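So the sequences go chain by chain: A and B.
Numbering-wise (the numbering used here), the first sequence opens with residue 2 and increments by one.
Numbering-wise (the numbering used here), the second sequence opens with residue 2 and increments by one.
Structure record follows, encoded as structure tokens.
Number of protein chains: 2
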Amino acid sequence: MKYIDKLRNSGLRPTKQRLQICEVLFNTEKTFHFTINELERKIKDKIDSKISLATIYNTVHAFEKKGYLKQIPVNSNQTYFDTNTTDHHHFYNLKDGKLIDLENSDVGPINIKRKIDGKKIKSIEVLVKLED
Amino acid sequence: MKYIDKLRNSGLRPTKQRLQICEVLFNTEKTFHFTINELERKIKDKIDSKISLATIYNTVHAFEKKGYLKQIPVNSNQTYFDTNTTDHHHFYNLKDGKLIDLENSDVGPINIKRKIDGKKIKSIEVLVKLED
DNA sequence: AGTGTAGTTTATAATGGTTCTAAACAACTG
DNA sequence: CAGTTGTTTAGAACCATTATAAACTACACT
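Written out as structure tokens, the structure is:
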């Protein structure tokens, strides 16, 4: 199976639930953004069996820790995730809470001139809020 | 009084509570970042009387809407606010959840080349996550 | 000053996303 | 196949935030 090795290599047991979630998250043409709520619905639509909400949370966090998902910093009551783990940025439509990918070429290089002693930069994320 | 006009000009009645919160938020040498929880503690420390938590939420949201405070997009279970409403960005120390201001000159101009029809850019915010 | 109105504060309840719990279950090892 | 460890699950707990609705207060107008 497609995702069994990926999971095993990450030290995650390839359980039925995780494989199903992999299908929903990664077996797509395009990457996408989601909240846990939206993912839950997507899973319900795609598979017959039910996956517990706790498992969805566990799995998403496990995948994030392994670098298969990214959290997007947005002010919202819900946490947004992205299946696109490459360096890129986002538009955030304040009206409907939807995110739109911004290619790196749409933003240009960002050069952080200041350094903090003993710290490394893990990521640089640009959020462009949109209004009407 | 210092803040009465500021409030009145914004269409906010200068109540005792709002004036006290103004003192805590704006009568400082340096701007700062805070969560509602931290602000509540700060208020308790500074004044004798008690301000209801609901009022603190109401006031912070009112001030944000008027542009006296900014929300900072960070992934955290709590909402972070900033009394520095000028255009600037943030380091986010993943270890302790603390924010550090990044002057605009530390980042350089950010030029968003892509446009979304019918939408205006309200803000551009850069979050630089730091790890050890 | 006194009165009416609209805006504000308050304690408390409700909401809702997320995490915890601990028991049942499933994947792996030998 | 048995033991161990990791995983799933339903439901409870947690906690930041928002809603409620009653008491209160700033303000405009006499």
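Here a beta-carbon is modelled for each residue, glycine too, at the ideal position from N, C-alpha and C.
In this text, all values refer to a predicted model and were calculated from it rather than measured experimentally.
The beta-bridge partner set that DSSP reports for B:K96 is empty. Ranking A:N28, A:K7, A:D133, A:K130 by CA distance to the CA of A:G68 puts A:K7 first. Using a Cβ-Cβ cut-off of 9 angstroms, B:Q72 is close to N76 of chain A, given in chain order. Out of B:I57, B:K130, B:N105, the CA that lies nearest to the CA of B:Q21 is found in B:I57.
Within 9 angstroms of the CB of B:I122, the CB atoms of chain A belong to F92, V129, K130, L131, E132, in sequence order along the chain. Annotated three-state conformation of B:L128 is strand, per DSSP. Shown here, A:L103 sits in a strand according to DSSP, grouped into three states. With respect to B:I101, B:I111 sits apart: the two C-beta atoms are not nearer than 7 angstroms. When C-beta atoms of the stretch 87-99 of chain A are compared with those of the stretch 116-131 of chain A, three or more pairs fall below 8 angstroms, so the two segments count as touching.
Here A:D97 has no same chain residue with a Cβ atom under 7 angstroms from its own Cβ, once five neighbours each way along the sequence are excluded.
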